[in-house]
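Comments concern the structure below.
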Ligand SMILES: *[C@@H]1O[C@H](CO)[C@@H](O)[C@H](O)[C@H]1NC(C)=O
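Numbering (the UniProt record's numbering), first residue to last: 1 to 367.
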């Protein structure tokens, strides 16, 4: 088995509030994923270490100067920001929490096996358009907590997860992600992105499953996301309404996050476009009514409506009428912190809820 080396260039002492990636967790997952993969690829150059067993002593020739090596981990903490990449076998490169300001053309040269690159919490504002050249194995690219103002050009073509949380991105240019056919997760939250900053065709060519643009400056649901999307996280924006056109393209949506917006109004007919939805977060908005059409969503299990201005609940607001079948019963309906007169709500309004804690009506029932 090939020896995978993990290079850590962790510098401690920075106090920005961010969630570091636990690289050892990734290593475990990577191993599980690769355990079944037949090792029949371009391994000729690895023959010299093919006889190594789990737990055997690491050959010191693989240990870069100034670093500490154990069988599967190379620790190079406190080495400054320079990247010495003589290690073509590196699969995970953890550069979190450093002071890197720029990624140059050749910084990652030779890291042809790299699978995960963690650049979270640096000061990166510039990435050379050829910096990710030839990184065909790169699947995870985490650039959150940096100073990027736009999406870097020529992203690695086989990337599965791209994370840009909390940068300064205010514009997504047309075809920004073109060619990234394997991308599943695109995290763009906590950027100063308004709808006008998303160019028409920005998401061209994607078949992404998750897109997150929470904590941004959106005032409407973007209509240009890939139609493959199953999860949309748009919490903490300034969206004021939900309209029929909003979801027409998103038939596969299963989870919708719209909490902490300024939504006053959900147009009747908008929710029927997302028949597979399981979970809707509309809490902490300005709704005066239960959104129309919930009772036609046969798979909906969780609907969060607390912290609105809903003053009444009708007997058919949540549950199907007559002989219509609900495939999944609700496990959570939250209505607390609304001006509902709870004693006026007919118990039958919740006839399609399962579990004793399924409905949260008053403030006394905390989640
Ligand atoms: C919403 O539209 C449906 C279908 O046209 C209709 O049956 C229903 O009564 C409407 N609901 C409201 C609250 O207007």
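By construction, the Cβ of each residue, glycine as well, lies at the ideal position given by its N, Cα and C atoms.
If you're wondering where the values come from, they're calculated on a predicted model, not measured in any experiment.
Grouping DSSP H, G and I as helix and E and B as strand, with all else coil, what is residue 175? coil
Give a yes or no on whether the minimum CB-CB distance between residue 306 and chain B is below 8 Å. In the structure shown, chain B does not exist; there is a single protein chain.
If you drop the 5 nearest sequence neighbours on each side, which residues of the same chain put their C-beta closer than 8 Å to that of residue 26? 92, 116, 140
Sequence-distant residues of the same chain with beta carbon closer than 8 Å to residue 247, five excluded per side: 221, 253, 270, 271, 273, 274
Are residue 237 and residue 261 close, meaning C-beta to C-beta below 8 Å? yes
Measure the C-alpha to C-alpha separation of residue 301 and residue 226 and round it to an integer number of angstroms. 24 Å
Is the beta carbon of residue 142 less than 8 Å from the beta carbon of residue 244? no
What did DSSP end up calling residue 294 once you bin it into helix, strand or coil? helix
What's the C-alpha gap between residue 107 and residue 133? 11 Å
What residues in its chain sit with their C-beta under 7 Å from that of residue 229, if we drop five residues either side in the sequence? 208, 209, 211, 250, 252, 253
Looking at C-alpha atoms only, which residue of 169, 167, 204 is the closest neighbour of residue 175? 204
I'd like the list of long-range same chain contacts for residue 118, defined as Cβ closer than 8 Å, with 5 residues on each side in sequence excluded. 21, 23, 92, 93, 94, 95, 96, 140, 142
Determine which residues share a DSSP beta bridge with residue 302 and list them. 279, 332
Please report the straight-line C-alpha distance between residue 294 and residue 255, rounded to a whole angstrom. 14 Å
Beta-carbon within less than 8 Å of residue 151's beta-carbon, same chain only, minus the 5 sequence neighbours each way: which residues are those? 164, 169, 172, 173, 176, 177
What I want to know is whether the C-beta of residue 269 ends up closer than 7 Å to one or more non-hydrogen atoms of ligand 1. yes
One or two residues paired with residue 233 in a DSSP bridge: 212, 257
Whole-angstrom Cβ separation of residue 154 and residue 137, contact assumed at under 8 Å? About 16 Å; that fails the 8 Å criterion.
Quick check on the DSSP output: the beta strand (DSSP E) that includes residue 107 runs from which residue to which? No beta strand (DSSP E) contains residue 107, which DSSP labels as neither H nor E.
Which same chain residues end up closer than 8 Å to residue 354 when comparing Cβ atoms and leaving out the 5 residues on each side of it in sequence? 329, 330, 331
Would you mind giving the Cβ-Cβ distance between residue 162 and residue 187, rounded to the nearest angstrom? I have them listed as a contact below 8 Å. 7 Å
Would you mind reading off the limits of the beta strand (DSSP E) that contains residue 267? Taken as a continuous stretch (DSSP letters only), residue 267 belongs to no beta strand (DSSP E), as it is neither H nor E.
Ignore the nearest five residues each way along the sequence and tell me which others in residue 286's own chain have a CB closer than 8 Å to its CB. 262, 263, 264, 308, 309
Suppose you measure from the CA of residue 323 to the CA of residue 217; what does that come to, to the nearest Å? 43 Å
Could you check the C-alpha separation between residue 180 and residue 127 for me, to the nearest Å? 18 Å
Rounded separation between residue 189 and residue 234 - CA only: 8 Å
In whole angstroms, what is the alpha-carbon distance linking residue 351 and residue 284? 25 Å
From residue 348 to residue 223, what distance separates their C-alpha atoms? 36 Å
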